[in-house]
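The block underneath contains the structure these notes are about, expressed in structure tokens.
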Amino acid sequence: MNNKKKTKECHFCTNNSNPDYKDSKTLYGFVNYYMKIIGKKRTGICSWHQRKLTTAIKRARKMALLGFTHK
């Protein structure tokens, strides 16, 4: 038996891109049902992109591209 955890690859590193506040479809994948930001252990994003993603989500919320709470 192999009980080692599979490591997830960073979505942004594999696609050679950066999180952008204008791309709300991508940002919706990193928030849960209650519009809370999902942690990097769960999404598999590296710490550098997680910080950029958090900033992008907060900017999108202030510009009303993403909601603060669920409808």
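When we follow our numbering, the leftmost residue of the sequence shown carries the number 1074, and every step to the right adds one. Note that CB positions come from ideal geometry on N, CA and C, so glycine has one too.
- Using the beta-carbon count (16 or more within 10 Å), is ALA1137 buried or exposed? Along the sequence shown, one-based indexing puts residue 1137 at 64. Looking at its Cβ environment, which holds fewer than 16 other Cβ atoms inside 10 Å, ALA1137 is exposed.
- Can you give me the start and stop residues for the alpha helix (DSSP H) that LEU1100 sits inside? Taking the sequence shown and counting its residues from 1, the one referred to as residue 1100 is at position 27. In the DSSP assignment, LEU1100 falls within the unbroken alpha helix (DSSP H) covering 1097-1101.
- Determine the contact status of GLU1082 and GLY1117, defining contact as a CB-CB distance below 8 Å. Within the sequence shown, residue 1082 is the residue found at index 9, counting from 1. Within the sequence shown, residue 1117 is the residue found at index 44, counting from 1. Contact flag set, yes.
- Message: As a quick exercise: from GLY1140, GLY1102, ASN1075, pick the residue whose alpha carbon is nearest that of LEU1126.
- Response: To locate residue 1126, count along the sequence shown from 1; it is residue 53. It is GLY1102 whose Cα lies nearest to the Cα of LEU1126.
- Query: Skipping 5 residues on each side, what residues in its chain have a beta carbon closer than 8 Å to that of ALA1133?
  - Reply: Stepping through the sequence shown from its first residue, residue 1133 is reached at position 60. Cβ contact annotation for ALA1133 (same chain, cutoff 8 Å, sequence separation greater than five): TYR1094, LYS1095, SER1097, LEU1100, LEU1139, in chain order.
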